[in-house]
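Position 41, counted from 1, in the sequence shown is what this note's numbering calls 41; the numbers after and before it change by one each time, with no gaps. Even glycine gets a Cβ: it sits at the ideal position worked out from N, Cα and C.
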Amino acid sequence: SAKTFGYLKGYLNYLSKSRWIIIGAFVMAFLYNVIGLYFAVRGQLSPVVAAILMPISSISVMFYGLVTTSLMFRYLSKK
Numbered sequence: 001s002a003k004t005f006g007y008l009k010g011y012l013n014y015l016s017k018s019r020w021i022i023i024g025a026f027v028m029a030f031l032y033n034v035i036g037l038y039f040a041v042r043g044q045l046s047p048v049v050a051a052i053l054m055p056i057s058s059i060s061v062m063f064y065g066l067v068t069t070s071l072m073f074r075y076l077s078k079k
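This is how it looks when you write it as structure tokens:
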């Protein structure tokens, strides 16, 4: 209904900020993998350590998304 059009501006603002969170998560994962690849190519990373670090990468990206989304929601709620 027409009553909800007032929320549209806030929703679009939230979506544009969320895009930057997703880009940040991709950048973080890319850097994590480049650093891991550097050590793996040099032979300084054993398969066991690599197997342990792989889920840590996923967990850190999920944690980043959770924290930044929560902070963004709090910031936008105060406006």
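- Task: Please check the pair Y64 and A25, which I expect to be a contact at CB under 8 Å, by giving their CB distance rounded to whole angstroms.
- Result: About 6 Å separates the two Cβ atoms, so the contact holds.
- Task: Would you please verify whether the beta carbon of T4 is less than 8 Å from any beta carbon of chain D?
- Result: Considering every chain present, this structure includes no chain D. It has just one protein chain.
- Query: Below 8 Å, can you find three or more Cβ-Cβ pairs linking the region 6-26 to the region 39-52?
  - Reply: Three or more beta-carbon pairs separated by less than 8 Å are not found between the region 6-26 and the region 39-52, which leaves the two stretches without contact.
- Message: Since A29 and S70 should fall inside the 8 Å C-beta cutoff, what is the C-beta to C-beta distance between them, to a whole number of angstroms?
- Response: Approximately 19 Å separates the beta-carbon atoms of A29 and S70; this is outside 8 Å, ruling out the contact.
- Query: N33 to L53, Cα distance in whole Å?
  - Reply: When rounded, the distance between both Cα atoms is 10 Å.
- Message: Let me check understanding here. Comparing Cα to Cα, which of K9, L12, G6 and I23 lies closest to T68?
- Response: The shortest Cα separation from T68 among K9, L12, G6 and I23 belongs to I23.
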